[in-house]
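Participant: Those protein sequence lines, which keep their order, are chains U and H. Number 87 in our numbering belongs to position 29 of the first sequence; there are no gaps in the numbering. Number 339 in our numbering belongs to position 43 of the second sequence; there are no gaps in the numbering. Before anything else, here's the structure in question.
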Amino acid sequence: GQQVMQIPQYQHVQEGEDFTTYCNSSTTLSNIQWYKQRPGGHPVFLIQLVKSGEVKKQKRLTFQFGEAKKNSSLHITATQTTDVGTYFCAGQKTSYDKVIFGPGTSLSVIP
Amino acid sequence: EADIYQTPRYLVIGTGKKITLECSQTMGHDKMYWYQQDPGMELHLIHYSYGVNSTEKGDLSSESTVSRIRTEHFPLTLESARPSHTSQYLCASSSYREGADTQYFGPGTRLTVL
């Protein structure tokens, strides 16, 4: 069946350093979504990408959807302690299919 | 922010008890989901529904059951709780917009079975 993987599983960075998490699907996706879950909280939707090669920015966060629509990345510039949490990517094969979540990347930021 | 509610937020019960976790949303979403998540770990889909009277089991084998009699309500029931059921249970609903099913999560129920 369809699988969505993420690397790394954990990342510890010094405050101010950049951070990138990668998401890879075993099949072509119609869309990629990114969610953030703060410690003790619930996942919160950040953004979705639907076009091949699409790039979107939210302040210090840059999201990219691969040309083949099988991979995606989330890059955070100059991390802050407020960026701490687990970042999940999720994708659908078609708009009629279930959303499949990746296992998440847990980010720790050392002040 | 989406309007999706879960009760109770915390529950501690003894082995063998029957429990129902409540989930309601006021957005009129057709699709609803239940996930099980241990702290800091993966989200495991245990049940989902694409509309009233439609329910399906997810990828994670679960001893729970669900019902969907009303659009806004998607309760999850454990007939006989066991310590292995100790976890966080997250309810979500989704809205299809701009090419994707965006999921909105409730605050979760943290269940401890003694």
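For every residue, glycine included, the Cβ atom is placed at its ideal position computed from N, Cα and C.
Using a Cβ-Cβ distance cut-off of 7 Å, determine whether F103 (chain U) contacts chain H.
Facilitator: yes
Participant: Give a single yes or no on whether F370 (chain H) has its beta carbon closer than 6 Å to a heavy atom of the ligand COA.
Facilitator: As far as ligands go, the structure on display features none, and thus does not contain the ligand COA.
Participant: I need the straight-line Cα distance from Q91 (chain U) to C147 (chain U), nearest angstrom please.
Facilitator: 6 Å
Participant: When you compare only the Cα positions, how much space is there between L410 (chain H) and A396 (chain H)?
Facilitator: 40 Å
Participant: Alpha carbon to alpha carbon, what distance is there between H381 (chain H) and L307 (chain H)?
Facilitator: Taking the straight line from one Cα to the other gives about 12 Å.
Participant: Looking at chain H, which residues of the stretch 114–141 of chain U have a Cβ within less than 8 Å of any of its Cβ atoms?
Facilitator: none
Participant: For T120 (chain U) and G312 (chain H), I'd like the C-alpha separation in whole angstroms.
Facilitator: 48 Å
Participant: Rounded to whole angstroms, how far is the Cβ of L107 (chain U) from the Cβ of N129 (chain U), which I believe are closer than 8 Å?
Facilitator: Contact flag wrong, Cβ pair sits at about 11 Å.
Participant: At what residues does the beta strand (DSSP E) containing I65 (chain U) begin and finish?
Facilitator: V62 to I65
Participant: Pull up the distance between the alpha-carbon of G404 (chain H) and that of F370 (chain H), whole angstroms please.
Facilitator: 13 Å
Participant: Quick one: grab the DSSP three-state call for D326 (chain H).
Facilitator: coil
Participant: Would you mind stating whether V142 (chain U) and V167 (chain U) have Cβ atoms separated by less than 7 Å?
Facilitator: In contact: V142 (chain U) and V167 (chain U) (Cβ atoms closer than 7 Å).
Participant: So, does the CB of Q64 (chain U) fall closer than 7 Å to a CB anywhere in chain H?
Facilitator: no
Participant: Kindly list the residues whose CB is nearer than 6 Å to the CB of R376 (chain H), restricted to its own chain and excluding five residues on each side of it in sequence; keep chain order.
Facilitator: The sequence shown places Ser at residue 376 (chain H), not Arg. So the list reads G312, once near-sequence residues are dropped.
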